[in-house]
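Using the UniProt record's numbering, read the sequence shown as starting at 1 and increasing by one per residue. Don't be surprised by glycine CBs; every beta carbon is placed ideally from N, CA and C. Structure record follows, encoded as structure tokens.
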Amino acid sequence: QDEPLRSRKVFVGRCTEDMTEDELREFFSQYGDVMDVFIPKPFRAFAFVTFADDQIAQSLCGEDLIIKGISVHKSTI
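Dropping the structure here:
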């Protein structure tokens, strides 16, 4: 039986308005290959980061990380 498709996309909450897509890409690339970073406009304090590997996205689920001194929360979609 096929394994259910797991999301490679991570929801990043508690972002600050001065965080850029490049900064998020650089930060999350330490965990694996980042395919895409999306920050909605107008700014709504969250972003989406898509990894090449779904296992990386799953491993970050629910962890709080510090980016630019700000604690951000991640969960998979």
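Check                                                                                                : Outcome
Rounded straight-line distance, which links the Cα of Met-35 to that of Val-72                       : 20 Å
Beta-ladder partner(s) of Lys-9, from DSSP                                                           : Thr-50
For Phe-38, three-class secondary structure by DSSP                                                  : strand
Counted within 10 angstroms of its Cβ, other Cβ atoms place Ala-52 as buried (16 or more) or exposed : exposed
Candidates Gly-62, Ser-75, Glu-21, Leu-65: closest to Lys-41 by CA position                          : Glu-21
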